[in-house]
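Per the numbering used here: the sequence shown = residues 24 to 629. Virtual Cβ for every residue (Gly too), placed ideally from N, Cα, C. It should be emphasised that the depicted structure is a prediction, and the values quoted were computed from it without experimental measurement. Reading through the structure tokens given below for one structure.
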Amino acid sequence: MALPSAARALCSVARLGVPRRPRSAPAAEPRGAAPPPAGRGARPAPPPRGAERRPPPAVDFGDPREAFRSKSSAELLRGLLVLGLCTVGPLVEHNRELLQLCQRVLGQALFERLMKMTFYGQFVAGEDQEAIKPLIRRNQAFGVGAVLDYSVEEDLSAAEAERKELDSCTSAAEKEMGGAEQREKQYRVHRGFGDRRGGVISARTYFYADEAKCDQHMETFLRCIDASSGSSEDGFSAIKLTALGRPQFLLQFSEVLVKWRRFFHQMAAEQGQAGRAVLEMKLEVEKLQEALANLGVVTKAESQHWFTGENLGMSSTVDLLDWNSLIDSRTKLSKLLLIPNMKTRQLEPLLSRFTEEEDLQMKRMLQRMDILAKRATEKGVRLMVDAEQSYFQPAISRLTLEMQRRFNRDRAIIFNTYQCYLKEAYDNVTVDVELSRREGWHFGTKLVRGAYMEQERERAAKIGYEDPINPTYEKTNEMYHRCLDYILEEIKHSRKASVMVASHNEDTVKFTLRRMMELGIHPSEKKVCFGQLLGMCDQITFPLGQAGFPVYKYVPYGPVNEVLPYLSRRAQENRGFMQRANRERDLLWREVKRRLLTGSLFSPSH
């Protein structure tokens with residue numbers, strides 16, 4: 024029996040032209056082990072690090088003159104004003120209402136002029152691709168690159184956002200016959216959290232309207248890639264997958280992947296391997312086949328070809344990567360649509376039926392991703408796929424990984440994002456790095472702490488599933504440094520990984536610099552880069568750039584009226600940020616005083 028069309032479409036994401044890996048490809052040796060002999064599976068030798076390559080200069084994050092060398096005195100004063108206003112609670116809480124009042128009182132022309140002198144000028148580069156070029160060129164002169172992000176957002180009411188979300192996350196079958204309650208709580212749409220903007224201050228949110236709107240988003244991303252290619256060398260462009268298709272598919276595919284992985288862990292526990300690191304769990308094929316037969320998934324004869332030939336070679340064990348690859352199998356695995364519930368010992372369906380139109384919508388989503396990846400490759404622009412809510416993220420990560428398998432053969436073009444506030448972040452990073460190592464492609468990642476913490480915690484508590492977030496900020500910091508250290512070690516060993524340390528945390532940046540020096544990773548290799556938002560933490564960005572480290576500003580652009588939701592979030596984010604640390608404002612004041620005392624406050628050279 025062949026897979027139903029919906030399953031074929033979902034499973035096809037992992038075979039968009041990538042050759043399957045033979046099971047005989049060796050796993051990586053443990054850290055510190057002797058290198059494998061030359062030949063198949065051997066890691067490429069790191070490039071020679073000769074004496075002629077000078078060590079990078081020390082980076083001083085406390086020198087205001089170096090931090091703000093690129094800024095005019097007017098920009099310093101603007102920064103002090105804007106960041107100061109961001110600490111005033113009532114102003115920030117009611118910023119949207121105040122902005123609308125200013126528009127009505129001042130009129131559009133005067134309002135736009137005021138915004139460009141204050142918040143817009145601080146956090147947004149310009150209205151269009153031409154307007155942003157002067158700022159990008161000036162930043163480049165100080166060693167700072169750009170991640171372009173067209174920051175126009177729909178200004179929807181909460182009720183409209185909720186209506187769109189409920190409609191686009193519910194399948195036609197569920198609308199007609201019900202059954203959504205059979206899905207796991209985390210992967211159902213819930214009315215109370217229909218407006219995904221709630222509690223989110225540092226990430227843009229897209230709501231599905233129709234396929235034409237998704238095509239418009241794709242065209243916007245394509246223009247952003249073109250602009251990045253034309254204005255910046257080795258630039259990045261950022262995209263979100265919820266802008267490219269119906270979120271129903273991300274919800275359902277996430278549930279498939281999570282259940283499939285959970286089943287593997289349950290089988291590992293039955294074989295006495297509970298508590299092991301995820302990549303150390305190896306199921307014995309004989310026992311696994313017996314268990315699958317006993318649970319009624321497939322007979323032992325039917326499953327025989329799953330674990331032979333190109334799938335496993337001569338091995339008698341199955342690890343998580345082998346297990347995940349079965350979702351991608353070209354054999355007729357119709358029974359994979361059923362997963363045993365280990366508590367009830369009953370088979371449960373992974374997917375509801377899709378209509379023909381839903382099938383087409385999902386295929387169009389994959390096609391849009393493919394078009395963007397191809398354009399980025401042609402233009403030499405690296406494509407950064409942003410992370411989103413935890414109930415979408417398994418599907419987003421898997422789809423991004425499939426793009427990496429296709430397009431990262433020679434260099435890291437596609438970058439996945441890992442949210443280190445998630446409890447499972449380290450497991451996700453190590454599994455994906457291991458897959459890249461086995462298959463020989465370049466691993467590219469952006470590490471962030473995460474943008475959805477308050478919303479994720481509230482949703483888990485109210486709906487009744489395990490909170491996916493680390494319990495404390497300190498645990499998130501530990502997770503961030505643990506994931507980062509693992510990737511830095513991989514860079515040292517293979518030179519086939521790249522990471523963006525996307526952080527405003529000075530301690531994290533210092534940790535990265537120290538580990539780079541200890542591991543012999545030179546900034547000229549451009550394997551490690553740093554990222555901060557435009558208008559924030561210049562005292563980190565510019566000293567790094569002037570010391571020769573690859574560093575980037577997230578550069579938003581768009582018309583004043585259409586980026587107001589973005590500016591609103593920046594005000595809210597800076598409120599929390601500036602209340603925690605006054606270092607940036609202190610450095611700004613020190614530089615203003617220095618220029619005043621030296622008579623250079625109004626001088627073009629300072």
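Fill in: Contact belief for V408 with N431 at Cβ below 8 Å, rounded distance in angstroms
Contact doesn't hold; Cβ gap of about 12 Å is too wide.
Worksheet item: I419: which of M392, E242 and G403 sits nearest, CA to CA?
Response: Residue M392 holds the alpha-carbon nearest to the alpha-carbon of I419 among M392, E242 and G403.
Discussion item. For the beta strand (DSSP E) containing P579, name the first residue and the last one.
Written reply: Where P579 is concerned, the enclosing beta strand (DSSP E) stretches over V574 to Y580.
Item to complete: Could you tell me if N605 is buried or exposed, where buried requires 16 or more neighbouring beta carbons within 10 angstroms of its beta carbon?
Response: exposed
Item to complete: Spell out a yes or no on whether the region 444 to 462 and the region 521 to 539 are touching, meaning 3 or more CB-CB pairs, one atom from each, closer than 8 Å.
Response: no
Practice prompt. Count the CB pairs spanning the region 557 to 574 and the region 75 to 89 that are closer than 8 Å, and state whether there are at least three.
Written response: yes
Item to complete: Along the beta strand (DSSP E) that carries K469, what are the first and last residues, could you check?
Response: F466 to V471
Fill in: Alpha carbon of V578 to alpha carbon of G268, nearest angstrom
25 Å
Discussion item. For R405, tell me which candidate among M388, A261 and H545 has the shortest Cα-Cα distance.
Written reply: A261
Worksheet item: Quick one: what does DSSP say S251 is sitting in, helix, strand or coil?
Response: helix
Discussion item. Beta-carbon within less than 8 Å of L507's beta-carbon, same chain only, minus the 5 sequence neighbours each way: which residues are those?
Written reply: L470, V522, V524, T531, F534, T535 and R538
Worksheet item: So what does DSSP say about G562, is it helix, strand or coil?
Response: At residue 562 the sequence reads Gln, which differs from the Gly that was named. Helix at Q562.
Worksheet item: Quick one, are the C-beta atoms of D382 and A90 less than 7 Å apart?
Response: no
Discussion item. Cutting at 8 Å between CB atoms, please list the residues of its own chain near K550, excluding the five before and the five after it.
Written reply: Excluding positions up to five away in sequence, the list reads I514, R518, A520, S521, V522 and I544.
Discussion item. Quick check: what's the CA-CA separation for E512 versus R505?
Written reply: 11 Å
Worksheet entry | Within 7 Å, strictly: CB atoms of T468 and Y441 | yes
Discussion item. Can you give me the C-alpha to C-alpha distance between L542 and I510, rounded to a whole angstrom?
Written reply: 11 Å
Worksheet entry | DSSP-derived helix/strand/coil call for F625 | coil
Worksheet entry | CB of E585 within 7 Å of CB of V175, strictly | yes
Worksheet entry | 7 Å Cβ cutoff met for V170 and Y575 | yes
Discussion item. Would Q457 and L315 qualify as a contact pair, given that the criterion is a beta-carbon distance under 7 Å?
Written reply: The question names Gln, yet the displayed sequence has Glu at residue 457. The answer is no: Cβ separation not under 7 Å.
Worksheet item: First and last residue of the beta strand (DSSP E) that includes D172?
Response: V167 to Y173
Discussion item. By alpha-carbon positions, which one of T378, Y414, G581 and V583 ends up nearest to K282?
Written reply: Y414
Discussion item. Under DSSP, the beta strand (DSSP E) around R518 begins and ends at which residues?
Written reply: That residue, R518, is in no beta strand (DSSP E); it is neither H nor E in DSSP.
Worksheet item: Hey, how far is the Cα of H642 from the Cα of V452?
Response: Beyond the ends of the chain as shown, which are 24 and 629, falls residue 642; an answer cannot be given.
Item to complete: List the endpoints of the continuous alpha helix (DSSP H) containing N162.
Response: K156 to A164
Worksheet item: What's the gap between the Cα of E614 and the Cα of K305?
Response: 58 Å
Worksheet item: Taking M241 as the reference, which of S626, P588, M388 and N500 has the closest Cα?
Response: M388
Discussion item. Relative to the C-alpha of Y173, which candidate in R211, E234, W464 and L245 has its C-alpha closest?
Written reply: L245
Worksheet item: Quick one: Cα of R461 to Cα of D490, how far?
Response: Each residue's Cα considered, the two are about 32 Å apart.
Item to complete: Just tell me which of Q412, S459 and M559 has its CA closest to the CA of A435.
Response: With distances taken between Cα atoms, A435 lies closest to S459.
Discussion item. Comparing C-alpha positions only, which one of F625, R285 and K310 sits nearest to N347?
Written reply: R285
Practice prompt. Would you kindly work out how many angstroms separate the C-alpha atoms of R662 and T110, rounded to a whole number?
Written response: Beyond the ends of the chain as shown, which are 24 and 629, falls residue 662; an answer cannot be given.
Worksheet item: According to DSSP, what are the bridge partners of G85?
Response: Answer is none; G85 lacks a bridge partner.
Discussion item. With DSSP as the reference, identify every bridge partner of C552, one or two as the case may be.
Written reply: M523
Discussion item. Pop quiz: R472 and T499 are said to be a contact at Cβ under 8 Å. What is the actual Cβ separation, rounded to whole angstroms?
Written reply: Indeed they touch by this definition, with Cβ atoms about 6 Å apart.
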